[in-house]
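According to the UniProt record's numbering, the stretch in the sequence shown is residues 1 to 531, in order.
Where is the CB? At the ideal position from N, CA and C, for every residue including glycine.
See below for the structure under consideration.
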Amino acid sequence: MSGAPLAVPASPASSSKRSRSRDSSAASRASSTLAYTPAGNTPAQTPMASAPSLVIPATGPGSSAGGPDGQDPTPYPAFLRLSKADVHVKMADLEWDHRQKLQQGSQKHILQQQRQRQSEEEGESQQGQEPEQPEISPYTRCSGEEVASRNRYVNVDPYELNRVRLKVPEGCSDYINASPILLKSTRSGRVTRFIATQGPKQDLVSHFWRMIWQETRSPATIVMLTRTHEAGREKCYPYYPLASSHSQSASPESSSSSTSQSQSQSQSQSPSTEISLYNNDFGDDLALAVRLVEFTEHEEARAEVRELALIKHHFDEEKSCWTYEGGETKKVWHLLFEGWPDFSVPEGRDRKALVELVRMSRVVNGEDDENGQEDEASQGNPRVVHCSAGVGRSGTFIALDWLLRELEEGALDKVDEGYDPVVEVVQELRRQRMMMVQGEAQLGFLYEVLREEWRERWIRMNPEEADRLGLKGREEGEEPERKKVRQEEEEVGEEQPGDEDEAAERKAEEVEEEAEREERERQDEATDGAS
Numbered sequence: 001m002s003g004a005p006l007a008v009p010a011s012p013a014s015s016s017k018r019s020r021s022r023d024s025s026a027a028s029r030a031s032s033t034l035a036y037t038p039a040g041n042t043p044a045q046t047p048m049a050s051a052p053s054l055v056i057p058a059t060g061p062g063s064s065a066g067g068p069d070g071q072d073p074t075p076y077p078a079f080l081r082l083s084k085a086d087v088h089v090k091m092a093d094l095e096w097d098h099r100q101k102l103q104q105g106s107q108k109h110i111l112q113q114q115r116q117r118q119s120e121e122e123g124e125s126q127q128g129q130e131p132e133q134p135e136i137s138p139y140t141r142c143s144g145e146e147v148a149s150r151n152r153y154v155n156v157d158p159y160e161l162n163r164v165r166l167k168v169p170e171g172c173s174d175y176i177n178a179s180p181i182l183l184k185s186t187r188s189g190r191v192t193r194f195i196a197t198q199g200p201k202q203d204l205v206s207h208f209w210r211m212i213w214q215e216t217r218s219p220a221t222i223v224m225l226t227r228t229h230e231a232g233r234e235k236c237y238p239y240y241p242l243a244s245s246h247s248q249s250a251s252p253e254s255s256s257s258s259t260s261q262s263q264s265q266s267q268s269q270s271p272s273t274e275i276s277l278y279n280n281d282f283g284d285d286l287a288l289a290v291r292l293v294e295f296t297e298h299e300e301a302r303a304e305v306r307e308l309a310l311i312k313h314h315f316d317e318e319k320s321c322w323t324y325e326g327g328e329t330k331k332v333w334h335l336l337f338e339g340w341p342d343f344s345v346p347e348g349r350d351r352k353a354l355v356e357l358v359r360m361s362r363v364v365n366g367e368d369d370e371n372g373q374e375d376e377a378s379q380g381n382p383r384v385v386h387c388s389a390g391v392g393r394s395g396t397f398i399a400l401d402w403l404l405r406e407l408e409e410g411a412l413d414k415v416d417e418g419y420d421p422v423v424e425v426v427q428e429l430r431r432q433r434m435m436m437v438q439g440e441a442q443l444g445f446l447y448e449v450l451r452e453e454w455r456e457r458w459i460r461m462n463p464e465e466a467d468r469l470g471l472k473g474r475e476e477g478e479e480p481e482r483k484k485v486r487q488e489e490e491e492v493g494e495e496q497p498g499d500e501d502e503a504a505e506r507k508a509e510e511v512e513e514e515a516e517r518e519e520r521e522r523q524d525e526a527t528d529g530a531s
């Protein structure tokens, strides 16, 4: 990952013979069947053959956030004066660019496989001969049966060149569906780090906590943006201790439970204050336990806050036995946000709460003090952010954190007319993990929240001018206006999916097939030219 400031790269040239359409409706239809399909070399029949694919339903120009009210005299920068149609076009462009990058990665992957097969057939792989190192695109996704078995969604993978690698014994798979994310502030140069990952599966809880142990320092921070169950579907296994004195195991045999009282389907088994991670898949000496130290509810951030102790198993010389008591311990803050409704975006009080959660996560991670002042010594500690797939809500949260930091540092006070930091940060996130910020609703949400926060800051910074224009800041405790996004969608005739996974069960367009077809066309053209 580069530490350079965010920059918008030129779109890669496409090998497709079809020209790019600038018609927004056509682009929207294309984005609804984006190439978010299993990576190449992922077997059709795997242990995860029944796992869903993540597909984002298309939305029309009437379903995203619009610009400021026509009567609002606030002097917003150009990128915060966009109409709904403008946001729709920007999302279509982002999706098209992302599609081309994924195709680029897929084509190089297919070419690698062809070269390998050709080399084997021609007997070039001889003893003592250095094998040719394959060229890997930055957008080549992880693939294979082991990858598929560890993914929650069969079509959401990290990039091979930008993934967290578990520290495991030689011969064991180091794969976990997690991507390191690095963003750099344009004004201060401050580097902020995250790890975006999927919600842990039941049999991979120990992998998740192994990653926390190796990739963070104390205090570590986990931001969870989904409930364990939504609309009757598991979104994330409850990998953390909840509250009670009963034992909870992270073994594959343990049953799932919900973090919400409303999700009562698994509440018959009492949650625990401690989880023992004894199902060590890797045969080394790393065994961990997670213990609940304190549980509170943060009303302003609409979050369940857990202080956890991550404890390493060690050998007690006096007792001549292995134990967790007295072992090396890492403090972990676990923040579960309760205000992100299924297949939607936070509104009203929930939207304000998410902004509070962003800032609170910085404080508990040691990046900022309670007054918002940065702590340079803690800049290298990544916040671990996950939802279900680790791309939509997670990407939106990370983008919002960077945008709010830019605003707080004054980088958005005066910007060039053509500069759009929202598009810029989404592009940068998608260079580091596929599909970050899903759909027009989440993109529009970023514009809306940033517009509200920009307005509040401008009024504080320019009280006399604001008074002259008749502008007043949001009163203490006042909620942002609640947008009726879904009602607007229904009015324009948009199809309403049952939930984000029900839509995912529909078959997506096979990008690898398109890449293979284009490669065959290229080879046919070369053959025709030679003849």
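Secondary-structure assignment with DSSP links cysteine 321 through a beta bridge to Asp316. The C-beta separation of valine 385 from methionine 435 comes to about 14 Å, leaving the pair out of contact by the 8 Å criterion. Judged by DSSP secondary structure, valine 205 falls outside any beta strand (DSSP E) and instead within the alpha helix (DSSP H) spanning 205-215.
Lysine 312 and leucine 288 do touch by the CB rule: their CB atoms are close to 6 Å apart, below 8 Å. By the C-beta density criterion, glycine 199 is buried, having at least 16 other C-beta atoms within 10 angstroms. Note on lysine 235: 16 or more other CB atoms within 10 angstroms of its CB, so buried under the neighbour-count rule. Scanning Glu448, Trp340, Ser394 and Arg474 for the CA closest to the CA of isoleucine 222 turns up Ser394.
With a cutoff of 9 Å on beta-carbon distance, leucine 102 and tyrosine 153 are scored as not near each other.
For threonine 74, DSSP assigns no beta-bridge partner whatsoever. A straight-line Cα-Cα distance of about 7 Å links tyrosine 240 and valine 290.
Taking a cut-off of 8 Å on C-beta distances, the segment 419-439 touches the segment 175-182, as three or more cross pairs fall below it. The Cβ atoms of leucine 446 and valine 415 lie no closer than 9 Å to each other. As the crow flies, the alpha-carbon of threonine 226 is around 7 Å from that of glutamate 338.
Sequence-distant partners of methionine 211 (beyond 5 residues in either direction) whose C-beta falls short of 7 Å from its own C-beta, in its chain, are Val164, Leu166, Ile176 and Ala178. The Cβ atoms of cysteine 172 and tyrosine 159 do not sit closer than 9 Å to each other. Serine 179 has Ala196 as its beta-bridge partners, per DSSP. Taking a C-beta distance under 9 Å as the contact criterion, valine 425 and leucine 403 qualify as a contact pair.
Phenylalanine 194 and alanine 243 do not touch by the CB rule: their CB atoms are close to 28 Å apart, not below 8 Å. For the pair of segments examined, the segment 342-358 was found to touch the segment 298-314: the number of CB pairs separated by less than 8 Å reaches three.
Assigned with DSSP and collapsed to three states, lysine 90 falls in helix. Methionine 91 sits away from glycine 410, with the two beta carbons spaced by 9 Å or more.
Taking all protein chains shown into account, valine 293 has fewer than 16 neighbouring C-beta atoms within 10 Å of its C-beta and is therefore exposed.
Comparing C-alpha distances from arginine 405 to each of Lys184, Glu317, Ile275 and Glu95 shows the shortest one belongs to Lys184. Straight through space, the alpha carbons of glutamate 465 and arginine 187 are spaced by roughly 26 Å. For leucine 310, the closest C-alpha among the options Gly283, Leu443 and Ser218 is that of Ser218.
With distances taken between CA atoms, arginine 150 lies nearest to Ala389 out of Leu443, Trp454 and Ala389.
The criterion of a C-beta distance shorter than 9 Å is satisfied by leucine 407 and arginine 457. For the options Thr323, Met360 and Thr228, the alpha carbon positioned closest to that of proline 341 is the one of Thr228.
A straight-line Cα-Cα distance of about 37 Å links serine 83 and histidine 334. In the DSSP assignment, isoleucine 311 forms a beta bridge with Ala289 and Thr329.
Sixteen is the threshold: since fewer than 16 other Cβ atoms of the shown chains lie within 10 Å of the Cβ of cysteine 321, the residue is exposed. Spanning the alpha carbons of leucine 204 and arginine 81 requires a straight line of approximately 45 Å. Contact check for glutamine 100 against serine 137 fails: the beta carbons are separated by 9 Å or more. Taking C-beta atoms as the reference points, valine 191 and glycine 366 fail to come closer than 9 Å. In the structure shown, leucine 443 falls within a helical segment according to DSSP collapsed to helix, strand and coil.
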